[in-house]
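Engineer: Please find one structure pasted underneath; my questions will follow.
There are 2 protein chains.
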Amino acid sequence: MNDLVMELDSHSGRHLYEQIYDHIKREIREGKLLYDEKLPSTRLLAEYLQVSRSTVDLAYEQLLSEGYIESRPYRGFFVCKIEGLYDFQAQRAETAERETVVVPKYRYDFSPNGVELNSFPFRTWKKITKETLTGDRKEMFALGHPQGDMELRTTICRYLHASRGVNCSPEQIVIGAGNDYLLLLLEKILGRHRSVALENPTYKRAYRIFESFAYDVRTVPMDENGMCVDALYECGADLAYVMPSHQFPTGIVMPIGRRMELLKWASQKEQRYLIEDDYDSEFRYRGKPIPSLQASDREEKVIYIGTFSKAIAPAIRISYMVLPQRLLECYRCQCMFFSSTVSRIDQSILNVFIRDGAFERHLNKMRKIYKSRHDALLGACRTYFPGMEVSGENAGLHLLLHYKGNRTEKELLEAAAGNGIKVYGMSETYIGRLPENWQPTLILGYAGLHETEIEDGVRILAGCIKHQP
Amino acid sequence: MNDLVMELDSHSGRHLYEQIYDHIKREIREGKLLYDEKLPSTRLLAEYLQVSRSTVDLAYEQLLSEGYIESRPYRGFFVCKIEGLYDFQAQRAETAERETVVVPKYRYDFSPNGVELNSFPFRTWKKITKETLTGDRKEMFALGHPQGDMELRTTICRYLHASRGVNCSPEQIVIGAGNDYLLLLLEKILGRHRSVALENPTYKRAYRIFESFAYDVRTVPMDENGMCVDALYECGADLAYVMPSHQFPTGIVMPIGRRMELLKWASQKEQRYLIEDDYDSEFRYRGKPIPSLQASDREEKVIYIGTFSKAIAPAIRISYMVLPQRLLECYRCQCMFFSSTVSRIDQSILNVFIRDGAFERHLNKMRKIYKSRHDALLGACRTYFPGMEVSGENAGLHLLLHYKGNRTEKELLEAAAGNGIKVYGMSETYIGRLPENWQPTLILGYAGLHETEIEDGVRILAGCIKHQP
Chain A
787 MNDLVMELDS
797 HSGRHLYEQI
807 YDHIKREIRE
817 GKLLYDEKLP
827 STRLLAEYLQ
837 VSRSTVDLAY
847 EQLLSEGYIE
857 SRPYRGFFVC
867 KIEGLYDFQA
877 QRAETAERET
887 VVVPKYRYDF
897 SPNGVELNSF
907 PFRTWKKITK
917 ETLTGDRKEM
927 FALGHPQGDM
937 ELRTTICRYL
947 HASRGVNCSP
957 EQIVIGAGND
967 YLLLLLEKIL
977 GRHRSVALEN
987 PTYKRAYRIF
997 ESFAYDVRTV
1007 PMDENGMCVD
1017 ALYECGADLA
1027 YVMPSHQFPT
1037 GIVMPIGRRM
1047 ELLKWASQKE
1057 QRYLIEDDYD
1067 SEFRYRGKPI
1077 PSLQASDREE
1087 KVIYIGTFSK
1097 AIAPAIRISY
1107 MVLPQRLLEC
1117 YRCQCMFFSS
1127 TVSRIDQSIL
1137 NVFIRDGAFE
1147 RHLNKMRKIY
1157 KSRHDALLGA
1167 CRTYFPGMEV
1177 SGENAGLHLL
1187 LHYKGNRTEK
1197 ELLEAAAGNG
1207 IKVYGMSETY
1217 IGRLPENWQP
1227 TLILGYAGLH
1237 ETEIEDGVRI
1247 LAGCIKHQP
Chain B
787 MNDLVMELDS
797 HSGRHLYEQI
807 YDHIKREIRE
817 GKLLYDEKLP
827 STRLLAEYLQ
837 VSRSTVDLAY
847 EQLLSEGYIE
857 SRPYRGFFVC
867 KIEGLYDFQA
877 QRAETAERET
887 VVVPKYRYDF
897 SPNGVELNSF
907 PFRTWKKITK
917 ETLTGDRKEM
927 FALGHPQGDM
937 ELRTTICRYL
947 HASRGVNCSP
957 EQIVIGAGND
967 YLLLLLEKIL
977 GRHRSVALEN
987 PTYKRAYRIF
997 ESFAYDVRTV
1007 PMDENGMCVD
1017 ALYECGADLA
1027 YVMPSHQFPT
1037 GIVMPIGRRM
1047 ELLKWASQKE
1057 QRYLIEDDYD
1067 SEFRYRGKPI
1077 PSLQASDREE
1087 KVIYIGTFSK
1097 AIAPAIRISY
1107 MVLPQRLLEC
1117 YRCQCMFFSS
1127 TVSRIDQSIL
1137 NVFIRDGAFE
1147 RHLNKMRKIY
1157 KSRHDALLGA
1167 CRTYFPGMEV
1177 SGENAGLHLL
1187 LHYKGNRTEK
1197 ELLEAAAGNG
1207 IKVYGMSETY
1217 IGRLPENWQP
1227 TLILGYAGLH
1237 ETEIEDGVRI
1247 LAGCIKHQP
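Protein chains in written order, with my numbering: chain A, 787 to 1255; chain B, 787 to 1255.
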């Protein structure tokens, strides 16, 4: 019982049984109590330690549960054989490197992913949250439908029909925590060994996601109407990921003719599908919104993906996907066991937010804010870069500035960065080789900057691009 | 201009330009305006329709944007060539079958996935939400870190260390919207063509998820201490998915000896890892919580996964994963572009909920509720099924009732269902063939039922199982 000399502290705040348990466990782990060694009976140890027998019982029971000791009938408690335990390091060194996210400080960041953060409708959101979190809706705290709650799907369905011409029923909608998640789910729905064609240039994140799949990823060049259909046929892909309403980064709106050609391509083989990423279609500054590609799809060949992260706030992780009937069946057979990734509380809040018109009001407000910034950027570019072409206007949250001069894109970005201006090079959005006769092009996102910042930023940009040797 | 006879209604609430746009688009889509046909100039059409020229300009611009018409320099506007458009069905029939989720009504459902829904801490949640949604924290509405916010990761890290003995730094934690999502991400981190071993019987959802991966899924039998290590070596898998603290469905607590053997197995090859699903470890009714397997891992071989969906509410989709250093590097290289799937607002609420002690209080409350239900079920089983063994007690949210008699499990479930009682057969949790000498075993989850319901349910169950021929 020598190994069981232990000091118990009844004022330590820790249960006596825990102290006994800790002590014996340590003795075993440090090899002081060896395999097959018999422990004192609970009665004896209780007497020895001057504690109640039930205290020792509890300590032994815990050691039994965790497999440190075993009970042999009529014989008592013995230390178990535990392979590889004795050289256990009690304390693992904290070797983890600290996470170092270096965020360089820019005066103005023209990020195409920027958003206006001051405009989150937090009063409305808070009010709806308060009304949602009441005790009389206990079903809301249970696990929801894997596709998302029917109420929200119905609301999204109506919204998509009215604003984007999308033809679908709520049964076809799958709600998920962001586009990236929906693409992960889509991989499971479409199955392995697929080949997907992406526009080149394209949204690099989507490219990386498809690359992480067991998919062949092919790139297809673009002309002024979008993805080149001849090259799509040639590349042999059976899926095509496109952004017809406002391509990133080119800003090209795919005309109806090209859309019909893509739909025709898809209709020619059963396994062919178009993945339409309608990422920023809410923001268009002249005329009506461009209808979605899905709106022209009569053979159930378009998988439509959209998000609320862009229009409400990136922090809100709610996206949706509209599945054609055949894929809906695949989803139901193969993927229904994946639980929904969106909190039902959040689904309920968003449902009320859209249903009661707050979303439409929010969008109108944001469109005004973004249009004013868009106009400020367009104006500043025309003032400070009079000889250079600007493209991608009328929609979205970024413009392209086509540089004319003899600097490389990298030099332009470095010159800008050196003056506290973060701009983005369009060459970064190309997969593989740049097209021949490539001219440096800057992507200027304006959503996260005020008009005065935009004006000032473009002025500085023009100065440093022109003056640097 | 015959095709351009249109009736404009200035009181319809629709812009005149929209009416013009709609009309021309319809004429083109229905083949009344053909390819190459010239449209009247904007001046002429404006005069003809008695509207301002800018109205017609806007309509033409929209048609141009969408690719229905094109502008030929010095010649005017012409209808584009749009292949495959003319046989377009204007209205797609709504063929979507209505979603029919048949929910059979049971008087008592002993689901092992049941939870107590009345106890969601909605007052506290609402209070924290209110404090969180203030205008002065605008950074919260931006896109967050892909692994989740550092504040919440730090809080989870402390909680895991204190409650589960998990050794990690916040840098190793990845927060995601549910365990299923984290497994999808883990597939990308671990890479393709892996082989994973699962305990048999096991959690069927995990099995289905691994089956959907490009993985070889192997099953390994269990003995009274958990996964058989010899069989694990033999099966050739390089990953093993285990539930050491309270295996589903057996309820087995893996003793320290078996844990060390599993860790030894993992340490022998670089690509080997253990995936520890600690799904319901919060609920243990005697003694201290069983430490996690990760707590004994000194060679960074355990991927630890846990969730708040079980302890707070299934509707809350927040889980976490602790990655060993080597896999953390893989994650950073290959998967950092997957955006976080959890709303930052929810992350912030959960962070305060845990940090300020509300989570601990909630857990204590739930433990009391669940212990009382656990005791009621154990008591009722002993009263109504005196000859039958009950196992899996002391932890978790379900028990196993080992049937002795000559009915099949299916007959038992049907007899119960016929009397309004939903119980679950353990044979359902086996992959492939049942073990020899299989005896029907019922899984009885008690978390979603009150004590009186449990007592009554078991009484009815005993009656119908005994009396039915």
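Every residue, glycine too, gets a C-beta built ideally from N, C-alpha and C.
With a threshold of 9 angstroms between beta-carbons, can residue 828(B) be considered close to chain A, or not?
Structural biologist: At a cut-off of 9 angstroms between beta-carbon atoms, residue 828(B) makes no contact with chain A.
Engineer: By the three-class DSSP mapping on this structure, what secondary structure does residue 1249(A) have?
Structural biologist: Residue state, collapsed to three classes: helix.
Engineer: Going by the DSSP bridge assignment, what does residue 962(A) pair with across the sheet?
Structural biologist: According to DSSP, residue pairing for residue 962(A) in a beta bridge involves 1105(A).
Engineer: If residue 805(B) and residue 1073(A) are in contact, beta carbons under 8 angstroms, what's the gap, nearest whole angstrom?
Structural biologist: Rounded, the Cβ-Cβ distance is 13 angstroms, inconsistent with contact.
Engineer: Closest to residue 977(B) by CA distance: which of 998(A), 979(A) and 973(A) is it?
Structural biologist: 998(A)
Engineer: Which term fits residue 904(B), buried or exposed, when burial requires 16 or more other beta carbons within 10 angstroms of its beta carbon?
Structural biologist: exposed
Engineer: Between residue 1137(B) and chain A, is there a C-beta pair that is closer than 9 angstroms?
Structural biologist: no
Engineer: Are residue 1029(B) and residue 1062(B) close, meaning C-beta to C-beta below 9 angstroms?
Structural biologist: In contact: residue 1029(B) and residue 1062(B) (Cβ atoms closer than 9 angstroms).
Engineer: If you draw a straight line from the alpha carbon of residue 900(B) to that of residue 1066(B), how long is it in whole angstroms?
Structural biologist: For residue 900(B) and residue 1066(B), the distance between alpha carbons rounds to 12 angstroms.
Engineer: Going by CA-CA distance only, name the one from 910(B), 1252(B), 933(B) and 1142(B) that's closest to residue 955(B).
Structural biologist: 933(B)
Engineer: Can you determine whether any heavy atom of the ligand FAD sits closer than 8 angstroms to the C-beta of residue 955(B), and answer yes or no?
Structural biologist: Annotation note on the ligand FAD: not contained in the displayed structure, which lists no ligands.
Engineer: Can you give me the Cβ contacts of residue 1221(A) inside the same chain, cut-off strictly under 8 angstroms, excluding the 5 residues immediately before and after it?
Structural biologist: 1007
Engineer: Please report how far the alpha carbon of residue 980(A) lies from the alpha carbon of residue 919(A), in whole angstroms.
Structural biologist: Approximately 44 angstroms between the Cα atoms of the pair.
Engineer: Check each candidate in 820(A), 1239(A), 837(A) and 869(A) and name the one with the smallest Cα separation from residue 1044(B).
Structural biologist: 869(A)
Engineer: Taking beta-carbon pairs under 8 angstroms, can you tell me which members of the segment 1031–1054 of chain B lie near chain A?
Structural biologist: 1039, 1040, 1041, 1042, 1043, 1044, 1045, 1046, 1047, 1049 and 1050
Engineer: Please give me, in chain order, every unbroken run of the alpha helix (DSSP H) with length at least 4 that falls completely inside the segment 930–974 of chain B.
Structural biologist: 936–950
Engineer: Going along chain A in order, which residues have a C-beta closer than 8 angstroms to the C-beta of residue 1232(B)?
Structural biologist: None at all; the shortest Cβ gap to chain A is about 16 angstroms.
Engineer: Quickly, what does DSSP pair residue 1026(A) with across the bridge? List them, please.
Structural biologist: Partner(s): 983(A) and 1060(A).
Engineer: Taking C-beta to C-beta, are residue 866(B) and residue 1042(A) nearer than 9 angstroms?
Structural biologist: yes
Engineer: With a threshold of 9 angstroms between beta carbons, is residue 944(B) in contact with chain A?
Structural biologist: no
Engineer: Determine, using beta carbons only, whether residue 805(A) comes closer than 9 angstroms to chain B.
Structural biologist: no
Engineer: Please report whether the beta-carbon of residue 911(B) lies at a distance below 9 angstroms from any beta-carbon of chain A.
Structural biologist: yes
Engineer: Would you say residue 824(A) reaches chain B, if we count a Cβ-Cβ gap shorter than 9 angstroms as a contact?
Structural biologist: no
Engineer: Can you give the Cα-Cα distance for residue 1071(A) and residue 1149(A), rounded to whole angstroms?
Structural biologist: 12 angstroms
Engineer: What would DSSP say about residue 847(B), mapped onto helix, strand or coil?
Structural biologist: Reduced to three states, the DSSP call for residue 847(B) is helix.
Engineer: Could you tell me if residue 930(A) is buried or exposed, where buried requires 16 or more neighbouring beta carbons within 10 angstroms of its beta carbon?
Structural biologist: buried
Engineer: Hey, is residue 816(B)'s beta-carbon within less than 9 angstroms of any beta-carbon in chain A?
Structural biologist: no
Engineer: With DSSP as the reference, please indicate the residues paired to residue 1176(B) in a beta bridge.
Structural biologist: 1187(B), per the DSSP bridge assignment.
Engineer: Opposite residue 857(A) in the DSSP bridges: which residues?
Structural biologist: 863(A)
Engineer: Where does residue 1166(B) fall in DSSP's three states?
Structural biologist: Annotated three-state conformation of residue 1166(B) is helix, per DSSP.
Engineer: By the criterion of Cβ-Cβ separation under 7 angstroms, what are the contact partners of residue 1125(A) in chain B?
Structural biologist: Listed by position along chain B, the residues whose Cβ is nearer than 7 angstroms to that of residue 1125(A) are 964 and 966.
Engineer: If you measure from the beta carbon of residue 1014(A) to each beta carbon in chain B, is any gap under 9 angstroms?
Structural biologist: no
Engineer: Identify the contact partners of residue 1229(A) in chain B, using a Cβ-Cβ distance below 9 angstroms as the criterion.
Structural biologist: Those do not exist, as residue 1229(A) stays about 18 angstroms from chain B at its closest Cβ, beyond 9 angstroms.
Engineer: Ordered along the chain, which non-local residues of its own chain (more than five positions away) have a Cβ less than 6 angstroms from that of residue 1132(B)?
Structural biologist: Apart from sequence neighbours up to five positions away, no residue of its chain approaches residue 1132(B) with a beta-carbon distance below 6 angstroms.
Engineer: Please go through the same chain and pick out, in chain order, the residues whose beta-carbon is closer than 6 angstroms to the beta-carbon of residue 1031(B), but skip the five residues on each side of it.
Structural biologist: The residues are 1064, 1067 and 1076.
Engineer: Tell me residue 1211(B)'s beta-bridge partners as DSSP assigns them.
Structural biologist: 1228(B)
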